[in-house]
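Protein chains: 2
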Amino acid sequence: MNITIVGAGNVAWHLAQALQEAGNTITAVYSRTLANAAELAIRLPGAAATDSLNFSNTPADIILIAVPDGALADVAERMKVQPQTIVAHTSGSQPVSVLQTIAAAGVGVFYPVQTFSKRVPVNMQQVPILIEGTTNDATSRLQQLAQTISSKVGLVNSEKRKQLHLAAVFACNFTNHLLGISRELLAQAGLPSDLLQPLINETISKAAAHHPFTVQTGPAVRNDQNVIHEHLQLLRDSPELQEIYRQLTRSIQQNRKL
Amino acid sequence: MNITIVGAGNVAWHLAQALQEAGNTITAVYSRTLANAAELAIRLPGAAATDSLNFSNTPADIILIAVPDGALADVAERMKVQPQTIVAHTSGSQPVSVLQTIAAAGVGVFYPVQTFSKRVPVNMQQVPILIEGTTNDATSRLQQLAQTISSKVGLVNSEKRKQLHLAAVFACNFTNHLLGISRELLAQAGLPSDLLQPLINETISKAAAHHPFTVQTGPAVRNDQNVIHEHLQLLRDSPELQEIYRQLTRSIQQNRKL
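Note that the protein sequences, when read in sequence, are chains G and R. Per the UniProt record's numbering, residue 1 is the first one in the first sequence, and the count goes up by one each step. Per the UniProt record's numbering, residue 1 is the first one in the second sequence, and the count goes up by one each step.
Below, the structure is given as structure tokens:
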């Protein structure tokens, strides 16, 4: 298929190259900053770099928009596309309706459930791609395109995608923050920052193999009041961390009672 | 060295076998339940199984106690050992002083920073083992013993070990709980429980390679009030999860301002 990519950031970078390698043709790469578009386009033989959102002369079966969530509505409003083109965004948190202003053959969502950095290679075959379309044709063309790069393609509507995003905030954003707090506590104690890494890796791998609630360990689930009290004492200079500690301890104990 | 193991649970199971494989001799395995001691001892040629804490006739350079934290003080009080023996516990959360009632040549701590399950093999060489001793001799003998099974042996006193344990509660116990919440949210949405696994793995691996605070993503760090509000709406039937969401969002935003 002929694909145009709007955006030249981390998601665009990985998607464009995976799609090209899978035999699709990238016709153009857009970025607000032409140099950024060119940096990606140069890796995609035949792709033009552009800083214009007027694609009425650019042949594309599908245009994928991979811009920051906050820029999505604005980009959608300014975009001009050929009438037979399907347009999809790649965001986990935005509904498909944010694209409704585009005069296209259909709009949709093409959401790779992964975090990308330009320099870190990703095995796209293992990345789930969640598809939604406003027409049967849009849905099926987006699904076909996704299947050229991933073996894990599913249909998920905007409401469910929002619930997935919420689950990801707990599993990834909040988890990352707790790992950051832990790193700070190690630094305060003058301990090496990687001392807990084998334990963290084992915890994550156990939580993948079982329901995490069934393999919960630590003072909260044992209701070890002495240790809990000592930990709160150690956190006495940081009421914010004390409050997080109390709250998560309580939450673990509520599950324990179930 | 001649080693006696008190306990036959997950930690005892892995330590005893690793120590034996490294050329040490396990002279005895204790468990409150003789059959449990026997189940481990049978895997250790020459080891006796016992349900008695009287080791005054059991030759041992070092006795390692690997029992639940709550049982430690009681076991220590009831133990009888030969006067030249060193006794150490394997707990991350307990001070060395819990062993002070034992009439031994010295007491200490031999703490492997890892979570163990009998059925899951562990590469002990990569497991940090943290040593503390009440005498120079105890410290150096425990350190030597640890070095027979791990390449990551360090000296850490009880105060620092307590801080490490606190950091581990954030990085592992709390993280596991958030992964459990995320799993429940996926189930509520009728989505597959492994849908976020590639994203979780990438998040953890990024958090290991960088300080997690510098690679934080998601609505909190972007201060995306629309998404935050929608997520709190999705959690409206669970005030507890709403409160965790608010608290961690606030905490992420406070770090953002630094």
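Each residue gets a CB set at the ideal place from its N, CA and C atoms; glycine is no exception.
Annotation: C172 (chain R) to R236 (chain G) spans about 21 Å, alpha carbon to alpha carbon. Note that the C-beta distance between S56 (chain R) and V87 (chain R) is not below 8 Å. Taking the Cβ atoms as the reference, T115 (chain R) lies roughly 27 Å from E77 (chain R), outside the contact range of under 8 Å.
Annotation: L40 (chain G) has no Cβ neighbours in chain R at a cutoff of 8 Å; minimum Cβ distance is about 21 Å.
Within the DSSP bridge table, the entry for T115 (chain G) names no partner.
A16 (chain R) and T25 (chain R) have their C-alpha atoms roughly 9 Å apart.
Annotation: L44 (chain R) to V169 (chain R) spans about 33 Å, alpha carbon to alpha carbon.
When the alpha-carbon of P95 (chain G) is set against those of G:Q147, G:L164, G:D137 and G:L191, the nearest one is in G:L164. For V87 (chain G), not one C-beta of chain R is nearer than 8 Å to its own C-beta. One alpha carbon belongs to N10 (chain G), the other to L19 (chain G), and they sit about 14 Å apart.
K118 (chain G) sits exposed, since fewer than 16 C-beta atoms from the chains shown fall within 10 Å of its C-beta. Using a CB distance cut-off of 8 Å, I131 (chain G) does not count as an interface residue toward chain R. When the alpha-carbon of L234 (chain G) is set against those of G:L196, G:V215, G:L248 and G:Q188, the nearest one is in G:Q188. Under the three-state reduction of DSSP, F110 (chain G) is assigned to strand. The beta carbon of A22 (chain G) does not come within 8 Å of any beta carbon belonging to chain R, so the residue lies off that interface. In the three-state scheme derived from DSSP, where H, G and I count as helix and E and B as strand, A73 (chain R) is classed as helix. If you draw a straight line from the Cα of T135 (chain G) to the Cα of Q143 (chain G), it comes to about 12 Å. By the neighbour-count criterion, in which 16 or more other beta carbons inside 10 Å mark a residue as buried, I252 (chain R) falls on the buried side.
For A12 (chain R), there are no C-beta contacts with chain G under 9 Å, since the nearest C-beta of that chain is about 16 Å from it. Pairwise C-beta distances place the stretch 149 to 157 of chain R out of contact with the stretch 218 to 225 of chain G, as fewer than three of them are shorter than 8 Å. Under the DSSP assignment, G133 (chain G) falls outside any alpha helix (DSSP H), being part of the beta strand (DSSP E) whose first and last residues are I129 to G133. Proximity of chain G to Q17 (chain R) at the Cβ level (cut-off 8 Å) is not reached, the minimal Cβ distance being about 17 Å. Fewer than three pairs of CB atoms, one per stretch, sit closer than 8 Å, so the stretch 61 to 75 of chain G makes no contact with the stretch 192 to 209 of chain R. One Cα belongs to V127 (chain R), the other to P198 (chain G), and the distance between them is close to 7 Å.
Under the 10 Å beta carbon count, S97 (chain G) is surrounded by fewer than 16 other beta carbons and is classified as exposed. Chain R has no Cβ within less than 8 Å of the Cβ of R119 (chain G).
Spatial neighbours of L34 (chain G) in its own chain (CB-CB distance under 8 Å, excluding positions within 5 residues in sequence) are listed in chain order as A49, T50 and D51. In this model, M79 (chain G) and N54 (chain G) are separated by some 6 Å (Cα to Cα). Going by beta carbons, P212 (chain G) and H177 (chain R) fall inside the 8 Å limit. Residue-level contact by beta carbon holds for R183 (chain R) and chain G, with a gap shorter than 8 Å. Taking 7 Å as the cut-off between beta carbons, the residues of the stretch 238 to 252 of chain G near chain R are E240, E243, I244, Q247, L248, S251 and I252, in sequence order.
Flagged as an interface residue toward chain G: S93 (chain R), by a C-beta distance shorter than 8 Å. Looking at the DSSP output, H89 (chain G) bridges to G:I65 and G:V109. In this structure G108 (chain R) is buried. Its beta-carbon is surrounded by 16 or more other beta-carbon atoms within 10 angstroms. Under DSSP, the beta-bridge partners assigned to V6 (chain G) are G:Y30 and G:I65. The DSSP-derived three-state label of T217 (chain G) is coil.
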